[in-house]
């Protein structure tokens, strides 16, 4: 029998554990029948080297305002297509083993394995509650009786008239966990426990820590140190991902083809790709329209494909968000769409492009910081997206948001939301509409420890604001797939809306953010007016 507050190993090895996560990891590491290490288990045991910011040649011009800094890239490239570079063959991959500096039994205490079935993500401990909340919002179908019942933590159901979260609201969101783990609450008054981005783009290029402009240097940073797990994730020191995962990425997702009879008697073939979902934004528009708590809302171009992780994937959020931005480029016929004929580029393709860009001198110091990216599960962030877009010649801007409490009593979340609202408001076409359907590109959004794709925002009647996002850490909810199939939304589904919302209350836990936006003229095709285009789903993620 287990001691009080402890769990016994079910294999009778005599060990006790204080949580389900640690027990599960123990079983993965020591009791697998095939004597291999699961791809979901943390393998790194080496201590994380300290992160260090560097300054170098950027070619950027500062355009920022209070609480926000912006950098513009107008780099052009002659790259028209790409070829995937195979850096090791399957024979080499079969000989995979742990590095000598990795100890299989050691687990980084900053991360915890999600206990949700088919998730497998290693989550920062401080983010576990929110992560599990979103899993709960993800569950269910249209037949659920509770789908239209307001949730207590939904910002749209709050009776408070203040647009800013108070201390009670902040602490109330961190008093539970389905795994029994108590998570320390984070308050804006305690700066030490608000999460920061460990590797800030604008501390490397253009400004110092006091916000002053730097003189661009023609030389790369002289001294570069390896980044650690705080910046690159739990697999920061691996030389390569598990061979089975590499092969799955190389093979690509499952493609399902279905033949359908049209109204005029013709036959069409519909292709659906595992992990990709088109048509989400028109449904999201209808859901927001039906919510009486929403005062005004904005949505980006409707042709953005929502991409969620496959059940065996873990840690590729930065790549999937990049893919979602590229889906907009492809489907809206952005000037750069000729760079991506046919398929949405895969994770291995994006890794290859970034490595090639480094070798050509674009943000080349990052290669030493990573110790190599190709074939690994290391996280990418704003700097790597900038590297990719520079290499491909896609004009873009980088924006950073931080606290300006001493200047105007605003926190980073307020500065971010102010900017996002202006970003979409500039493209609003009909001031009488409750939901403004724009043709703006989606936004690559980086917050501490995770990245998402911003596809819109809401201002609620109580004064609070929400981002509307596609989060690649989760699969598309079944209820959303059902609504896409039906085409029309008949009643409000607050549970489904909660899955796509990121409230100011949640954002308040973070002390800074970064965003990447595409530059250039908006597409002329009136996608929202004509109706959702039947976008082919044949784009293959390799």
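Residue numbers (the numbering used here): 29 to 570.
Glycine included, every Cβ here is placed at the ideal spot set by N, Cα and C.
Nearest-angstrom Cβ-Cβ length linking residue 326 and residue 452, presumed shorter than 8 Å:
As a working note, residue 326 is residue 298 in the chain shown. As a working note, residue 452 is residue 424 in the chain shown. At roughly 3 Å, the Cβ-Cβ gap stays under 8 Å, so residue 326 and residue 452 are in contact.
Just to confirm before moving on: does the CB-CB distance between residue 222 and residue 537 stay below 9 Å?
The residue labelled residue 222 in the question sits at position 194 within the chain shown. The residue labelled residue 537 in the question sits at position 509 within the chain shown. Yes, the Cβ-Cβ distance between residue 222 and residue 537 is below 9 Å.
Where residue 267 and residue 352 are concerned, what is the direct C-alpha to C-alpha distance, given to the nearest angstrom?
Taking the first residue of the chain shown as position 1, residue 267 is located at position 239. Taking the first residue of the chain shown as position 1, residue 352 is located at position 324. Taking the straight line joining both Cα atoms gives about 27 Å.
Counting only runs of 3+ residues fully inside the segment 288-363, write out the beta strand (DSSP E) ranges in chain order.
295-301, 322-327
Residue 556, buried or exposed, once every other Cβ within 10 Å from all chains shown has been counted against 16:
Numbered from its first residue, the chain shown carries residue 556 at position 528. So residue 556 counts as buried.
Inter-residue Cα distance where the pair is residue 278 and residue 344:
Your numbering for residue 278 matches position 250 in the chain shown. Your numbering for residue 344 matches position 316 in the chain shown. Roughly 14 Å between the two C-alpha positions.
If you draw a straight line from the alpha carbon of residue 437 to that of residue 430, how long is it in whole angstroms?
In the chain shown, counting from the first residue as 1, residue 437 sits at position 409. In the chain shown, counting from the first residue as 1, residue 430 sits at position 402. The straight-line gap from Cα to Cα measures roughly 12 Å.
Label residue 418 either buried or exposed according to how many other C-beta atoms from any shown protein chain fall within 10 Å of its C-beta, with 16 as the threshold for buried.
Taking the first residue of the chain shown as position 1, residue 418 is located at position 390. Counting Cβ neighbours within 10 Å, residue 418 comes out buried, since at least 16 surround it.
In terms of alpha-carbon separation, which member of 510, 512, 473, 492 lies closest to residue 498?
The residue labelled residue 498 in the question sits at position 470 within the chain shown. The option with the nearest alpha carbon to residue 498 is 473.
Would you mind working out which of 335, 366, 294, 545 sits nearest residue 300, comparing C-alpha positions?
Here the question's residue 300 lines up with position 272 in the chain shown. That would be 335, whose Cα lies nearest to the Cα of residue 300.
Checking the sheet assignment: what are the DSSP bridge partners for residue 543?
The count along the chain shown starts at 1 and reaches residue 543 at position 515. As computed with DSSP, residue 543 is found in a beta bridge with 427, 473.
Residue 311: which of 532, 517, 412 sits nearest, CA to CA?
Here residue 311 is taken as the residue at index 283 of the chain shown, counted from 1. Comparing Cα positions, the closest option is 517.
Cβ neighbour criterion (16 or more within 10 Å) applied to residue 339
Within the chain shown, numbered from 1, the residue matching residue 339 stands at position 311. Under this definition residue 339 is an exposed residue.
Considering residue 273, what are the terminal residues of the beta strand (DSSP E) in which it resides?
The sequence position of residue 273 within the chain shown is 245, counting from 1. Run containing residue 273: none in the beta strand (DSSP E); it sits in the alpha helix (DSSP H), 271-279.
Can you grab the Cα-Cα spacing for the pair residue 426 / residue 446, in whole Å?
Locating residue 426 in the chain shown gives position 398, where the first residue counts as 1. Locating residue 446 in the chain shown gives position 418, where the first residue counts as 1. Roughly 16 Å separates the two Cα atoms.
How far does the beta strand (DSSP E) with residue 498 in it reach, from first residue to last?
Translated into positions along the chain shown, residue 498 becomes position 470. Counting along the chain, the unbroken beta strand (DSSP E) around residue 498 starts and ends at 493-498.
C-beta contact flag for residue 329 and residue 470 at 9 Å:
Translated into positions along the chain shown, residue 329 becomes position 301. Translated into positions along the chain shown, residue 470 becomes position 442. Cβ distance < 9 Å, so residue 329 and residue 470 count as in contact.
Nearest-angstrom beta carbon gap, residue 362 and residue 554 [assumed within contact, 8 Å]:
By 1-based counting over the chain shown, the position of residue 554 is 526. By 1-based counting over the chain shown, the position of residue 362 is 334. With 8 Å as the limit, residue 554 and residue 362 do not qualify as a contact, their Cβ atoms being about 16 Å apart.
Top-ranked residue by Cα proximity to residue 533, from 493, 408, 523
To locate residue 533, count along the chain shown from 1; it is residue 505. It is 493 whose Cα lies nearest to the Cα of residue 533.
Closer than 8 Å is the cut-off here; do at least three beta carbon pairs connect the segment 257-271 with the segment 510-525?
no
For residue 304, which option in 371, 391, 269, 421 has the closest C-alpha, if you only look at C-alpha atoms?
On the chain shown, residue 304 is found 276 positions in, with the first residue counted as 1. Nearest C-alpha to residue 304: 371.
What span of residues does the alpha helix (DSSP H) with residue 517 cover, start to end?
For the purposes of this step, residue 517 is taken as the residue at position 489 of the chain shown. Where residue 517 is concerned, there is no enclosing alpha helix (DSSP H), given that its DSSP letter is neither H nor E.
Roughly how far, in whole angstroms, is the beta-carbon of residue 391 from the beta-carbon of residue 415, given that I think they are within contact range, below 8 Å?
In the chain shown, residue 391 corresponds to position 363, counting from 1. In the chain shown, residue 415 corresponds to position 387, counting from 1. Residue 391 to residue 415, Cβ: 5 Å. Contact.
Could you tell me which of 393, 422, 482, 360 sits nearest to residue 444, measuring between CA atoms?
Within the chain shown, residue 444 is the residue found at index 416, counting from 1. It is 482.
From residue 461 to residue 321, what does the alpha carbon distance come to, in whole angstroms?
To locate residue 461, count along the chain shown from 1; it is residue 433. To locate residue 321, count along the chain shown from 1; it is residue 293. Roughly 15 Å between the two C-alpha positions.
Pick out whichever of 348, 531, 36, 503 has its Cα sitting closest to the Cα of residue 490.
Walking along the chain shown from the start, residue 490 turns up at place 462. Of the listed residues, the one whose Cα sits closest to residue 490 is 531.
Straight-line CA distance for residue 424 to residue 350?
Within the chain shown, the letter at position 396 stands for residue 424. Within the chain shown, the letter at position 322 stands for residue 350. The straight-line gap from Cα to Cα measures roughly 13 Å.
At a Cβ threshold of 9 Å, is residue 393 touching chain B?
In the displayed structure, chain B is absent; only one protein chain is listed.
On a Cα-Cα basis, can you pick out the residue from 285, 547, 543, 549 that is closest to residue 441?
Position 413 of the chain shown holds residue 441. Of 285, 547, 543, 549, the residue nearest in Cα terms is 543.
Coarse secondary structure for residue 464, derived from DSSP in three states
Taking the first residue of the chain shown as 1, we reach residue 464 at position 436. Note: residue 464 maps to strand in three-state DSSP.
Can you give me the start and stop residues for the alpha helix (DSSP H) that residue 526 sits inside?
What you label residue 526 is simply residue 498 of the chain shown in a count that begins at 1. 522-528 is the span of the alpha helix (DSSP H), which, as asked, contains residue 526.
Same chain only: Cβ atoms within 6 Å of residue 495, ignoring 5 sequence neighbours per side
As a position in the chain shown, residue 495 is number 467, starting the count at 1. Answer for residue 495: 482, 485, 530, listed in chain order.
Could you check what DSSP says for residue 451 in three-state terms: helix, strand or coil?
Here residue 451 is taken as the residue at index 423 of the chain shown, counted from 1. Correct three-state label for residue 451: helix.
Could you tell me which residues DSSP pairs with residue 438 in its beta bridges?
Indexing the chain shown from 1 puts residue 438 at position 410. 432.
Rounded to the nearest angstrom, what separates residue 487 and residue 140 at their Cα positions?
Here residue 487 corresponds to residue number 459 of the chain shown, with the count starting at 1. Here residue 140 corresponds to residue number 112 of the chain shown, with the count starting at 1. Spanning the two alpha carbons is a distance of roughly 34 Å.
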